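Visitor:
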Amino acid sequence: MTLHTITQSIRTRITLWHLGVLVLTLGAYVLSTQMFLWHQLTLELKTNLQEEAEEVVKLFLKLAPDGHFVWRGHQEDTKQKYWIAISHLDGVLVYRNFTQTDFNLPPASLIATDQKRTFYTLHLADNRKLLMMQEVRKIEGVDVVIRVGRTTERVVEEMGHLFLVQILFFPLVLLLAWAGGYFMAGRVLSPLQKIIARMKTISADRLHERLPVENADDELGHLSLTFNHLLGKLDHSFKQMQQFTGDASHELRTPLSAMHSVGEMALRTPMGVDEYQETIASMLEEVDKMNRLVSDLLALARSDSDMVKPVLEKLEFGRVIEEETARLAVLAEEKNQQLSVEIKQSCPVCLDRNIFRQAFANILYNAIQYSPEAATIQILVDKAEDNCFVNIVDSGPGIAPEHQERIFDRFYRVDKVRSRDTGGSGLGLAIAKWAVKIHGGHIELVSTAGKGSTFRICLPEQHQGKCPPSFSLTEAELS
Numbered sequence: 009m010t011l012h013t014i015t016q017s018i019r020t021r022i023t024l025w026h027l028g029v030l031v032l033t034l035g036a037y038v039l040s041t042q043m044f045l046w047h048q049l050t051l052e053l054k055t056n057l058q059e060e061a062e063e064v065v066k067l068f069l070k071l072a073p074d075g076h077f078v079w080r081g082h083q084e085d086t087k088q089k090y091w092i093a094i095s096h097l098d099g100v101l102v103y104r105n106f107t108q109t110d111f112n113l114p115p116a117s118l119i120a121t122d123q124k125r126t127f128y129t130l131h132l133a134d135n136r137k138l139l140m141m142q143e144v145r146k147i148e149g150v151d152v153v154i155r156v157g158r159t160t161e162r163v164v165e166e167m168g169h170l171f172l173v174q175i176l177f178f179p180l181v182l183l184l185a186w187a188g189g190y191f192m193a194g195r196v197l198s199p200l201q202k203i204i205a206r207m208k209t210i211s212a213d214r215l216h217e218r219l220p221v222e223n224a225d226d227e228l229g230h231l232s233l234t235f236n237h238l239l240g241k242l243d244h245s246f247k248q249m250q251q252f253t254g255d256a257s258h259e260l261r262t263p264l265s266a267m268h269s270v271g272e273m274a275l276r277t278p279m280g281v282d283e284y285q286e287t288i289a290s291m292l293e294e295v296d297k298m299n300r301l302v303s304d305l306l307a308l309a310r311s312d313s314d315m316v317k318p319v320l321e322k323l324e325f326g327r328v329i330e331e332e333t334a335r336l337a338v339l340a341e342e343k344n345q346q347l348s349v350e351i352k353q354s355c356p357v358c359l360d361r362n363i364f365r366q367a368f369a370n371i372l373y374n375a376i377q378y379s380p381e382a383a384t385i386q387i388l389v390d391k392a393e394d395n396c397f398v399n400i401v402d403s404g405p406g407i408a409p410e411h412q413e414r415i416f417d418r419f420y421r422v423d424k425v426r427s428r429d430t431g432g433s434g435l436g437l438a439i440a441k442w443a444v445k446i447h448g449g450h451i452e453l454v455s456t457a458g459k460g461s462t463f464r465i466c467l468p469e470q471h472q473g474k475c476p477p478s479f480s481l482t483e484a485e486l487s
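If you want this note's numbering, it's the position in the sequence shown, counting the first as 1, plus 8.
(1) Could you give the DSSP three-state label for Pro-263: helix, strand or coil?
(2) Among Ser-461, Glu-166, Gly-35, whose alpha-carbon lies nearest the alpha-carbon of His-47?
(3) For Phe-364 and Pro-405, I'd like the C-alpha separation in whole angstroms.
(4) Going by beta carbon distance, what residues of the same chain come within less than 6 angstroms of Asn-399, once the five residues before and after it are set aside?
(5) Is it the case that the Cβ atoms of Arg-136 and Ala-93 are separated by a distance below 8 angstroms?
(6) Which parts of the segment 327-408 are runs of the alpha helix (DSSP H), unbroken and 4 residues or longer, counting only runs that do not cross its ends?
(7) If you run the structure through DSSP and keep just helix, strand and coil, what is Ser-40?
(8) Helix, strand or coil for Phe-419, going by three-state DSSP, please let me know.
(9) In terms of alpha-carbon separation, which member of Ala-224, Met-140, Lys-322, His-26 lies closest to Thr-50?
(10) Is the distance from the Cβ of Ser-455 to the Cβ of Gln-386 below 8 angstroms?
(11) Check this for me: beta carbons of Leu-435 and Asp-304, under 8 angstroms apart or not?
(12) Apart from the five residues just before and just after Leu-57, which ones in its own chain have a Cβ nearer than 6 angstroms to its Cβ?
(13) What do you reckon, are the CB atoms on Leu-53 and Arg-158 nearer than 8 angstroms?
(14) Quick one: give me the first and last residue of the beta strand (DSSP E) that Gln-174 is part of.
(15) Please state whether DSSP places Ile-446 in a helix, a strand or coil.
(16) Which class does Glu-7 belong to by DSSP, given the choice of helix, strand or coil?
(17) In this structure, how does DSSP classify Thr-253 when only helix, strand and coil are distinguished?
(18) Nearest to Val-152 by CA position, among Pro-179, His-169, Leu-101, His-96, is which residue?
(19) Output yes or no for whether 8 angstroms exceeds the beta carbon distance between Pro-476 and Gly-449.
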């Protein structure tokens, strides 16, 4: 395993991100503690300088008769820790416990009397730093300048000690963080390993299996649920495809078998001209059934592949229904049936006429086929709320409730023998459902066994001046 492969691991990347954040946090912590310690130690040092100045005033200064202060202690009294210089405002030095070569002290005459207390830093000859406090005090009516200083060595030492401890502790913290982060990342991602292992076992013949879901509320749970949903859709699609292939093969085999049987009989049995013509007519009838079946299969295949994109135009719904009804009137006349069209309200819709024709024609064709001789088929156009609809009411045998949910499935027939006798393939209503949905509409069914059926095609009313652009089957969300 190469370094590149290791760093591409999600577990490693999570750990590295964790360490990166920790390094930044620790760096900020070290910086803030150093700044805080420097501030506190400097503040403490300034307080000590002020206290030392108070002690100097109380214990060692004495006002002489000539109006000048004199030092009444010994030089060693303040030599150990502090640098002390006391002078008058005119520069006359009262006392100091250091040599002039230690550092250059600013003349007292340059000190402004309105600055009661100030702090500044001086550099000693040995490169040490001296924090100096100076203040002007009025003692027994006389102004004096008191300067007290101390090196910052203790501040530097304390900060150095703390920094050393932090630096020594830093690698240990990072090591523990790496181990802990890597372990926790592994624990968190362990369900992902189970998901990967299960996914490797799922093949086309095992789409019924599902991924484990340990916690449906976290991200991995959402991933598993989403993938399980996808597997469910794939499983359903595969089953539909297998059923579709089997049903299509069966439907094609039926007319082919009939043609084969009729042809064999014609070859075996001597016939007259009339009998041969009847045989040929029977074979042509089976060919017509196959043509219709192939056309329906082609339409469904195109719809499944998202190849159909309707070209919409704004049309008057009632006029479209009248024209399409007139096209099928000849089929009703063969059974002495009446097609009664009633348009109650004008209702504009956006249609692709050729696609919508497949929906309306298939439903009306079924109404004609299943209604008895001399029956009246009612066609009503109206609108409700924002929908235009057409009701197709027949007087056929009706559809029992247990069949109504599946009536729009492909190759589904309520009466299989009767459907084949009338030339139906079981695909008409499936095509009708697709053709309506691709226009953003839906089909409703109200039927009672023995009392006929009412199919309602609902489409959205078009209020705007122009139709929207053409949309695909996927955009219509027809799943």
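In this text, a Cβ means the ideal position worked out from N, Cα and C, and glycines have one as well.
Since this is a predicted model, take the numbers as computed values, not measurements.
Guide: Let me lay it out:
(1) Along the sequence shown, one-based indexing puts residue 263 at 255. Looking at Pro-263 - three-state DSSP - the assignment turns out to be helix.
(2) The residue labelled residue 47 in the question sits at position 39 within the sequence shown. When each option's Cα is compared against that of His-47, the closest is Glu-166.
(3) The sequence position of residue 364 within the sequence shown is 356, counting from 1. The sequence position of residue 405 within the sequence shown is 397, counting from 1. In a straight line, the C-alpha of Phe-364 is about 26 angstroms away from that of Pro-405.
(4) Position 391 of the sequence shown, counted from the start, is the residue given in the question as residue 399. Same-chain partners within the cutoff: Leu-388, Thr-462, Arg-464.
(5) Taking the first residue of the sequence shown as position 1, residue 136 is located at position 128. Taking the first residue of the sequence shown as position 1, residue 93 is located at position 85. No. Outside cutoff.
(6) 361-378
(7) Position 32 of the sequence shown holds residue 40. Ser-40 falls in the helix class under three-state DSSP.
(8) As a first step, residue 419 is located in the sequence shown; it is residue number 411 there, counting from the start. Reduced to three states, the DSSP call for Phe-419 is coil.
(9) Against the sequence shown, residue 50 aligns to sequence position 42. Comparing Cα positions, the closest option is Met-140.
(10) As a first step, residue 455 must be located in the sequence shown, where it is residue number 447. As a first step, residue 386 must be located in the sequence shown, where it is residue number 378. In this structure, Gln-386 does not lie closer than 8 angstroms to Ser-455 by Cβ.
(11) Start at 1 with the first residue of the sequence shown, and residue 435 comes out as number 427. Start at 1 with the first residue of the sequence shown, and residue 304 comes out as number 296. Cβ atoms of Leu-435 and Asp-304: closer than 8 angstroms.
(12) Taking the sequence shown and counting its residues from 1, one reaches residue 57 at position 49. The residues are Met-141, Val-156.
(13) In the sequence shown, residue 53 corresponds to position 45, counting from 1. In the sequence shown, residue 158 corresponds to position 150, counting from 1. Yes, they are a contact pair.
(14) Residue mapping note: residue 174 aligns to position 166 of the sequence shown, counting from 1. Where Gln-174 is concerned, there is no enclosing beta strand (DSSP E), although the alpha helix (DSSP H) it sits in stretches over 161-209.
(15) Here residue 446 corresponds to residue number 438 of the sequence shown, with the count starting at 1. Coil, per DSSP.
(16) Absent from the structure is residue 7, since the part of the chain shown begins at 9 and ends at 487.
(17) On the sequence shown, residue 253 is found 245 positions in, with the first residue counted as 1. Three-state DSSP puts Thr-253 in a helix.
(18) Numbered from its first residue, the sequence shown carries residue 152 at position 144. Nearest of Pro-179, His-169, Leu-101, His-96 to Val-152, Cα basis: His-96.
(19) As a first step, residue 476 is located in the sequence shown; it is residue number 468 there, counting from the start. As a first step, residue 449 is located in the sequence shown; it is residue number 441 there, counting from the start. Not a contact, by the Cβ cut-off of 8 angstroms.
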